[in-house]
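Q: Protein chains in written order, with the working numbering: chain A, 1130 to 1246; chain Z, 1307 to 1419.
Beta carbons: idealized from backbone N, C-alpha and C, even for Gly.
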């Protein structure tokens, strides 16, 4: 079974600064997908960024980028130019490339990010 | 609809009461997942539907939990004889087909008193 570990329960960043959120995972599969989701107080999970394991290039979405280290099974999220609206819980998640029920997401415990004005 | 809709948003139940949580997926989405999110934790998988077929219910914590999607669209998660440990946020997600991006609803926060 796959596991996702987020060992930092909380982090804080100054507005306009950069912050990195850590995530490690364990799997025996060679191909898979990794995600970072944002969950604001409204509770709705919002996809921030995704990475396909077969792609060597790290994914980037505007101010969000990842550092994907497949051999180390590490998948960190970097948020540049942090904004007050970035404050939320962030979850790292894993998904098998399989179809059907095996495509369920396995989440880490999450990290609470606060942004100081 | 524009997104995944869940109702009610909040539910308070007395211990032993039965509850029903509703999920309206995005129209045309084949796959539907239910997750349970305890306070301060990440969501955990409960069950999966492909159209009306429940293909995986391995995450349901006990036989008090039951889910259905009779016409392949709206899904209901039912919890019988609720216990305090059932208190959590219940999230629903749908996707066009299983490997594609899943869209989440805002969840139902269940509190059992």
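1) Please state whether DSSP places residue 1345(Z) in a helix, a strand or coil.
2) Looking at the C-beta of residue 1204(A), does it have a partner C-beta in chain Z at a distance below 8 Å?
3) Going by C-alpha to C-alpha distance, which of 1218(A), 1211(A), 1137(A) sits closest to residue 1192(A)?
4) Could you tell me which whole beta strand (DSSP E) segments of length 3 or greater appear in the stretch 1309-1370 of chain Z?
5) Starting from residue 1209(A), follow the beta strand (DSSP E) in both directions and report where the run begins and ends.
6) Could you check where the beta strand (DSSP E) with residue 1142(A) kicks off and where it finishes?
7) Which runs of the beta strand (DSSP E) spanning at least 3 residues fall entirely within the stretch 1132-1183 of chain A, listed in chain order?
8) Between residue 1348(Z) and chain A, is any beta-carbon pair separated by less than 8 Å?
9) Is the Cβ-Cβ distance between residue 1166(A) and residue 1148(A) less than 8 Å?
10) In this structure, does DSSP put residue 1231(A) in helix, strand or coil?
11) Can you tell me the Cβ-Cβ gap for residue 1312(Z) and residue 1337(Z), rounded? I've got them flagged as a contact below 8 Å.
12) At a CB-CB cut-off below 7 Å, which residues of chain Z make contact with residue 1172(A)?
13) For residue 1226(A), which residues from the same chain have a beta carbon less than 7 Å from its beta carbon, with the 5 sequence-adjacent residues on both sides left out?
14) How close, in whole Å, do the beta carbons of residue 1341(Z) and residue 1399(Z) come, if the pair is a contact with beta carbons under 8 Å?
15) Report the option in 1179(A), 1194(A), 1172(A) whose CA atom is closest to the CA atom of residue 1410(Z).
16) Taking a Cβ distance cut-off of 7 Å, strictly less, list which residues of the stretch 1357-1379 of chain Z are near chain A, in chain order.
17) Going by the beta-carbon positions, is the gap between residue 1185(A) and residue 1195(A) smaller than 8 Å?
18) What residues in its chain sit with their C-beta under 7 Å from that of residue 1396(Z), if we drop five residues either side in the sequence?
19) Which residue from 1243(A), 1131(A), 1218(A), 1190(A) puts its Cα closest to that of residue 1154(A)?
20) Could you check what DSSP says for residue 1402(Z) in three-state terms: helix, strand or coil?
21) For residue 1326(Z), decide whether its Cβ has a neighbour in chain A, counting only Cβ atoms nearer than 8 Å.
22) Secondary structure at residue 1374(Z), three-state DSSP: helix, strand or coil?
23) Would residue 1242(A) pass as a contact of residue 1142(A) if the rule is Cβ separation under 8 Å?
24) How would you label residue 1259(A), buried or exposed, when you count the other beta carbons within 10 angstroms and need 16 or more for buried?
A: From the atom records:
1) Here residue 1345(Z) sits in coil by DSSP.
2) Contact of residue 1204(A) with chain Z is not assigned, every C-beta pair being separated by 8 Å or more.
3) Among 1218(A), 1211(A), 1137(A), the Cα nearest to that of residue 1192(A) belongs to 1211(A).
4) Complete beta strand (DSSP E) runs here, min 3: 1311-1313, 1316-1319, 1325-1330, 1337-1343, 1350-1356, 1359-1362.
5) Counting along the chain, residue 1209(A) sits inside no beta strand (DSSP E), nor does DSSP assign it H or E at all.
6) Start and end: 1139-1143.
7) Qualifying beta strand (DSSP E) stretches, in chain order: 1132-1134, 1139-1143, 1148-1150, 1153-1155, 1162-1168, 1175-1181.
8) Yes - at least one Cβ of chain A is within 8 Å of the one on residue 1348(Z).
9) No. Outside cutoff.
10) Reduced to three states, the DSSP call for residue 1231(A) is helix.
11) Rounded to the nearest angstrom, the Cβ distance from residue 1312(Z) to residue 1337(Z) is 16 Å, too far for a contact under 8 Å.
12) The contacting residues are 1395, 1412, 1413.
13) In the same chain as residue 1226(A), and ignoring 5 residues on each side of it, the C-beta atoms closer than 7 Å to its own belong to 1160, 1161, 1162, in chain order.
14) Rounded, the Cβ-Cβ distance is 7 Å, consistent with contact.
15) For the options 1179(A), 1194(A), 1172(A), the alpha carbon positioned closest to that of residue 1410(Z) is the one of 1172(A).
16) Residues are counted here when their Cβ sits less than 7 Å from a Cβ of chain A; for the stretch 1357-1379 of chain Z these are 1361, 1362, given in chain order.
17) In terms of Cβ geometry, residue 1185(A) and residue 1195(A) do not form a close pair [threshold 8 Å].
18) Listed in chain order, the non-local C-beta contacts of residue 1396(Z) below 7 Å within the same chain comprise 1327, 1340, 1342, 1383, 1413, 1414, 1416, local neighbours out to five positions each way being set aside.
19) Between residue 1154(A) and the set 1243(A), 1131(A), 1218(A), 1190(A), the nearest pair of CA atoms involves 1131(A).
20) DSSP places residue 1402(Z) in coil when its eight states are reduced to three.
21) Closer than 8 Å to the CB of residue 1326(Z) there is not a single CB belonging to chain A.
22) Correct three-state label for residue 1374(Z): strand.
23) Cβ atoms of residue 1242(A) and residue 1142(A): closer than 8 Å.
24) The requested residue 1259(A) is not part of the displayed model; chain A covers only 1130 to 1246.
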